[in-house]
Amino acid sequence: MRANQLRPVPVLLDNLIWFLLLLALIIFSALTNRFFTVNNVTNILVHSAVLGIMVIGQSFTLITGNFDLSAESNLGLIAVLGAFLMTASGEPSNGSGLLLNPLLALLVMFGTGLLIGAINGLLITRLKMNNFIVTLSMLIIIRGLAFLVTHGKTVTGIPASFKALGHAYAGPVPISVIVLLAAFALAFFVMRYTRFGRDLYAVGGNSDAASVSGIDSQRRIRQAYLISGAMAAFAAWIELGRLGVGATRIGENMIFEIQAAAVIGGISLFGGRGTMLGALGGVLLLSSINSGLNLLQVSGFAIDMVRGIVILGAMLIDAQKVRYTMPPRIPAGAASTTKK
Amino acid sequence: MVEMKNVTKEFPGVRALSGVSFSLRAEGELHGLVGKNGAGKSTLMNVLTGVFPPDSGEINIHGKSYPRLTTTISRQLGIACVHQHSQLVPSLSIAENVFCGSLPTTRIGLVDWNTIYRETGERLKNLGLDIDVRRKVEGLSVAERQIIEITKALFAKARIIILDEATAPLPKSEVEMLFGFVRRQRERGAAFVYISHYLEEIFELCETVTVMKDGRNIGDHAVASLSQPELVRLISGVEVERFRHSDRIAFGDALLEVRDLDRPGVYSQLSLTIAPGEIVGLTGLEGCGKDSFARGLFGLEPLGIGVTLLGGRPYRARSPREALNQGVAYLPRDRHGLGIIGLRSVRENITLPILSRLMGLLGLVVRKRENALVAQLIEKLNVVTPSMLQAVQFLSGGNQQKVVFAKLASVDPKVLLLDEPTQGVDVQAKVEILKIIDQLSREKKVAVVVISEEIRELLDICDRIVVMFKGRIVREFLTDDSRTTGEAILHAVEGTGVA
Amino acid sequence: MRTKASTPFLLRQLIWFLLAAIVLFFTLTTRNFLSIGNFINILFNASVLGVLVIGQSFTLLTGNFDLSIESTLGLCGLLGIWFITHAGPPLYGSGWMVAPTVSIIVILFIGLGIGVINGVLITKMKVNNFVVTLAMLITIRGLTLLVNNGQTAYSVSQSYNWIGLGKLGPIPIPIVVFLLLFAFAYVVTTYTPFGRELFAIGANRNASYASGVKPETRIIQVYMISGLLAALAGWMLSARLTNAMSSMGQGSVFEVFAAAVIGGISLKGGQGSMIGALGGVLLLTTIGAGLNLMNVSVYWIQAIRGFIILIAMLIEAQKVRYSRALADPGEQKNR
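Spelled out as structure tokens, the structure:
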């Protein structure tokens with residue numbers, strides 16, 4: 009067998025997430041009849057909204073082969089910043105007193121998201137710093153900034169009009185769910201049918217090859233981070249509506265779940281692989297497991313453990329997949345290299 | 028077509044190009060570019076493709092002058108470069124790779140997949156490649172990928188294609204496939220610049236050759252007017268003697284002996300004996316099993332079943348560590364992946380296998396002892412390095428290879444398995460390495476196996492040459508025998524010719 | 000033959016110059032910075048972080064990393080106390096009343112065991128190290144929460160608390176442990192074959208294997224070290240606080256990485272030194288202490304910590320570029 013002739017990953021593996029989701033749905037429905045109700049399914053979807061939007065943002069950077077670990081802090085800062093600007097000062101709302109128009113506040117929120125994305129992108133592409141470290145540092149810094157804004161207190165009194173997105177219904181369907189599905193559809197479309205999307209895959213698959221082909225890899229990476237930042241703002245908007253208040257710890261510890269959902273859905277941590285559809289599947293799977301375990305009244309701590317195992321399983325498959333299909337590096341002179 | 032006049036390029040501390048003039052006259056020209064490591068070949072091409080702006084000089088392409096050439100402009104003008112390291116995106120399909128960076132779109136600006144697949148399929152067929160263009164690149168062999176890369180360049184309407192050491196990762200059989208492809212393209216008018224250390228390939232493929240030395244163009248020649256020794260002399264500037272191995276001495280009892288070694292699918296009925304101080308060449312086509320055999324002996328791969336004796340006693344190595352412990356050392360063909368640890372210093376590379384021997388009290392490595400040993404080896408092998416603490420990645424190819432040799436020497440081996448020892452090494456260092464091999468075997472009575480596809484070199488250095496074909500040993504030649512000629516060996520290698 | 004390295008002294012010892020600059024800054028801007036008491040305080044605070052960083056550095060050198068350490072710290076710190084105290088209020092232990100010595104030995108073994116699991120999954124089962132240690136991070140934390148149902152356990156055992164609160168003369172035990180371990184780690188990585196092999200594995204695993212090193216064994220060993228030291232750190236921290244919350248250590252993995260990386264340990268493996276790591280630990284802790292003395296808000300300190308990591312990385316990137324150019328400019332063009 010030639011060392012560099014590898015089997016293509018079978019279709020099953022690529023669409024694994026849907027089989028897994030189906031499996032989870034079947035298992036939970038069997039275990040409790042409260043699972044497969046309209047109410048609960050709607051619940052799952054609503055809870056998926058924020059995670060889902062964040063995963064879209066993360067997927068854009070992951071496909072280029074970069075992490076955005078700051079995402080959860082971006083969500084937090086943008087959320088509290090928005091709340092802060094719109095509310096009255098002093099107790100009990102703890103706002104700025106500016107009572108900014110919700111539309112304006114939204115603008116500021118998106119602006120902040122884009123700004124953070126721009127900073128991440130610049131540090132990584134122009135100053136050539138490691139993406140893991142940069143976004144890790146930003147994770148810490150931005151969470152700190154969130155605390156600075158609120159002094160640790162929760163901001164309340166957000167105008168109802170603003171909360172509509174996270175709250176309201178269009179008939180029987182929550183708006184946030186419509187937004188979630190629309191966002192994924194749009195993201196899928198961009199990834200599959202625009203040059204921008206295809207460029208991202210090229211950059212993640214082999215950024216040198218991409219550059220040589222005329223793709224401005226650095227620019228694409230910066231754009232991916234901008235999108236991640238914008239998505240955080242979007243998610244913040246929904247989250248504020250859902251939660252109702254601006255809690256300083258919004259998004260804390262979410263980073264693992266975001267990565268997990270992406271990876272479970274087939275977006276490789278190594279870049280250049282995966283689809284938005286799969287990512288959506290990952291989000292739905294994680295939310296379903298959460299919901300199912302909750303309904304089964306499993307202790308919150310045990311749920312964490314199960315989540316950990318699910319993440320491990322998903323990433324194991326990702327690692328195997330990539331190992332199987334990643335060509336051995338062919339430096340000068342080797343036609344077949346033994347890998348250990 | 029292309030005319031570079033008086034190009035000069037300096038980097039901090041070094042003059043890479045001094046007033047170099049280079050030209051490609053005609054369509055369909057096959058022009059070789061040779062020179063030692065550091066002579067400036069790659070830099071010259073980098074200037075032509077717009078990667079580096081020249082400090083001075085002119086670049087004229089198709090008659091027009093380009094004072095500020097960029098990679099984009101160069102590409103638009105039809106100049107493309109294919110390196111030895113893959114420039115394809117493995118997770119994407121062949122079709123998408125070919126169109127990478129210039130994906131066609133429909134009227135509303137969406138990616139036009141139909142066109143992409145259709146056109147790629149058609150054109151590949153025209154170029155003589157029958158392959159499913161939806162396949163992901165990661166499933167292709169190295170040669171297939173090289174061809175896709177050249178195809179990609181041609182797709183981008185490249186008329187001038189630079190192959191920079193493009194055959195280095197290729198086994199000989201696939202090089203032939205590549206050359207056939209290149210010749211077909213040349214018939215359609217594409218011109219090629221072929222940079223290589225493999226002089227035999229230059230003679231086979233090119234019509235003209237430019238020799239560079241120390242940043243200068245020291246001559247353009249018609250290939251037909253040169254002989255290989257002349258070319259070698261031009262490249263190195265010195266009358267480099269062909270290395271003649273020292274006389275055979277009475278060798279004595281066999282040191283390494285394998286009998287009826289069998290590894291299904293790789294080799295069978297392999298029987299070989301090597302005496303101490305003997306240099307045995309092992310050659311054959313890619314896939315004949317020669318390098319698997321060496322790696323099997325060294326513990327990197329399974330060896331198969333059969334009898335293996337070292338010094339009369341049974342020998343088995345399930346890992347390189349076990350092999351080294353028993354005195355068997357291996358020089359890998361893949362220098363960067365298996366041979367050197369680029370980030371670490373020369374000193375660390377050399378002493379890695381024998382650290383435990385340098386320990387003093389408390390299990391700590393004694394610096395003085397280590398430095399002494401390393402200094403000695405560096406001198407003996409003439410490793411050019413500013414300091415023993417220099418990271419090996421900064422040395423030239425030839426010196427890196429010598430560091431690997433030093434490492435093997437430090438182990439004091441009884442058997443040396445050398446896989447393509449002079450590959451990727453400039454002419455001067457090649458000779459030095461051959462001398463080292465000769466010296467090691469004669470002085471230290473080391474049994475040496477040299478695996479190489481360079482028959483000429485094997486004739487120079489070995490006492491015996493063993494030819495393998497499809498997993499079996501088909502012939503053995505004694506180099507002192509007058510019937511042993513390059514041709515005869517080649518026949519055996521290719522499985523033709525009567526024994 | 001020159002046996003000196005080619006990178007200039009300033010660049011190699013950058014972290015210490017930075018530290019000196021920081022110390023100078025704080026001395027000028029606060030009162031009582033330059034005092035023995037303050038230094039001992041800084042070292043005291045650095046001790047737990049320091050022990051974790053040593054463990055992490057071992058894995059980093061081989062080109063791996065261990066995200067699970069904060070959870071191992073949490074679990075072992077909790078178990079250490081949980082084993083030895085009685086159940087129910089006010090201590091909320093297990094009620095097993097295990098002898099402190101035994102408890103400590105057990106938790107250290109648990110740390111080792113977690114390291115073995117990490118190591119084996121990563122080397123033998125070839126699972127990605129990010130995935131494995133991330134999953135362990137989550138799973139072990141879950142386990143920690145399960146053990147005592149999220150309830151904090153309290154320690155009133157002198158012998159257990161000794162490592163956190165005891166003193167050797169005027170010097171607190173944690174500082175002794177921390178400095179001794181660093182010294183030991185330094186010697187091991189610089190002068191023993193084991194240490195040298197770690198660098199080789201991190202720089203080029205395959206070539207190391209071909210040179211007779213056993214990378215898989217070494218990698219399992221460094222994960223064991225990492226787990227063991229995380230358990231030790233758990234003991235130290237819970238002893239110092241005399242209690243163990245189930246969230247103990249959460250979020251600290253970032254700081255450990257920061258200190259190691261600031262101290263010059265490359266994330267890609269094969270480069271860095273324990274001395275540098277020590278410098279990183281001291282730098283982070285000193286800055287925290289100084290800012291505290293300046294009465295800076297806790298939240299600012301968090302943010303500033305993040306900034307420091309960024310700056311350190313920037314310098315690291317420049318260092319690589321600079322030393323490359325210095326070494327052999329002639330080779331650059333052939334790359």
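Chains as they are written, first to last, in the working numbering: chain A, 9 to 348; chain B, 28 to 526; chain C, 0 to 334. Heads up, the beta-carbon is just placed ideally off N, CA and C, and yes, glycines get one too. For clarity, every value in this text was computed on a predicted model and none was experimentally measured.
Report the partner residues of B:G190 according to the DSSP bridge assignment. The sequence as given places Leu at residue 190 of chain B; Gly does not occur at that position. Its beta-bridge partners are B:V109 and B:Y221.
Starting from B:Q296, trace the alpha helix (DSSP H) in both directions and tell me its first and last residue. Counting along the chain, B:Q296 falls outside any alpha helix (DSSP H), though it belongs to the beta strand (DSSP E) covering Y294 to I301.
Interface residues of chain C facing A:A1 [CB-CB closer than 7 Å]: Because chain A in this structure spans residues 9 to 348, residue 1 of chain A falls outside the shown range and cannot be described.
What residues of chain C sit near B:E375, judged by a beta carbon separation below 8 Å? R195, F198 and A199
Between B:V34 and B:S45, what straight-line distance do the alpha-carbon atoms span, to the nearest angstrom? Cα atoms of B:V34 and B:S45: separation of roughly 7 Å, rounded to the nearest angstrom.
Tell me which residue opens and which closes the alpha helix (DSSP H) that B:D490 is part of. Unbroken run through B:D490: none, as it is neither H nor E.
Any chain A beta carbon closer than 9 Å to C:L60: no
CB contact flag (C:G262, C:V280, <9 Å): yes
Whole-Å CB distance - C:L74 paired with C:T143, under 8 Å assumed: Confirmed, about 5 Å.
Please report the distance separating the alpha-carbon of B:S383 from that of B:I368. 19 Å
Throw me the rounded Cβ distance for the A:L301 and A:I317 pair, which I believe falls under 8 Å. That pair is no contact at about 12 Å.
Measuring only between beta-carbons, confirm whether A:L320 sits less than 9 Å from chain C. yes
Mark A:V46 as exposed unless 16 or more other C-beta atoms lie within 10 angstroms of its C-beta, in which case mark it buried. exposed
Where the alpha helix (DSSP H) containing A:A168 begins and where it ends: A168 to H175
Using CA coordinates, which residue listed in C:G94, C:V105 and C:A229 is at the minimum distance from C:G54? C:A229
Backbone secondary structure at B:A180 - three-state DSSP: helix
Count the other CB atoms, across all protein chains shown, that sit within 10 Å of the CB of B:E480; report buried if there are 16 or more and exposed otherwise. buried
Between A:T162, A:V116, A:A126 and A:Y209, which has its C-alpha nearest B:N124's C-alpha? Nearest option by C-alpha distance: A:Y209.
So C:W299 contacts chain A; which residues on that side make the cut at Cβ distance below 8 Å? G152 and L156
Taking a Cβ distance cut-off of 9 Å, strictly less, list which residues of the stretch 279-313 of chain B are near chain A, in chain order. G292 and E313
So, using beta-carbon positions, are C:A259 and C:L59 closer together than 9 Å? yes
Determine the chain C residues that contact B:K434 at a beta-carbon separation under 7 Å, and present them in chain order. S210
Is the number of C-beta pairs between the stretch 306-314 of chain B and the stretch 486-498 of chain B that are closer than 8 Å three or more? Flag = yes, the stretch 306-314 of chain B and the stretch 486-498 of chain B touch.
Helix, strand or coil for B:G390, going by three-state DSSP, please let me know. In the three-state scheme derived from DSSP, where H, G and I count as helix and E and B as strand, B:G390 is classed as helix.
Which same chain residues, not among the five before or five after A:I148, have their C-beta less than 6 Å away from its C-beta? Once the five neighbours on either side are set aside, A:I148 has no close Cβ partner at all.
Does A:K348 come out as helix, strand or coil in the three-state DSSP assignment? A caution first: A:K348 carries a pLDDT of 24, below 50, which makes its placement in the model unreliable, though a value can still be read off. A:K348 falls in the coil class under three-state DSSP.
State buried or exposed for B:K434, treating a residue as buried only when at least 16 other CB atoms are found within 10 Å of its CB. buried
Using the rule of at least 16 other Cβ atoms within 10 Å of the residue's Cβ for burial, across every protein chain shown, is A:S344 buried or exposed? At A:S344, the pLDDT of 28 sits below 50, so the modelled position is not reliable; the number obtained from the coordinates is stated separately. Buried.
Would a C-beta distance cut-off of 9 Å place A:V187 and A:S56 closer than the cut-off? no
Determine the burial state of B:I332: buried for a count of at least 16 other Cβ atoms within 10 Å of its Cβ, exposed for fewer. exposed
With 9 Å as the threshold, decide whether the Cβ of B:P440 is near any Cβ in chain C. For B:P440, the closest Cβ of chain C is not nearer than 9 Å.
Using CA atoms only, rank isn't needed, just tell me which of B:G90, B:L261, B:A436 and B:E459 is closest to B:D241. B:L261
Using alpha carbons as the reference points, say which of C:I218, C:S154 and C:A206 lies closest to C:F82. Closest option to C:F82, Cα to Cα, is C:S154.
CB A:G280 to CB A:I71, shorter than 9 Å? yes
Check the DSSP bridge columns for B:S120 and list the partner residues they point to. Note: B:S120 sits in a beta bridge opposite B:K163.
Through-space distance from B:R469 to B:Q403, alpha-carbon basis: 19 Å
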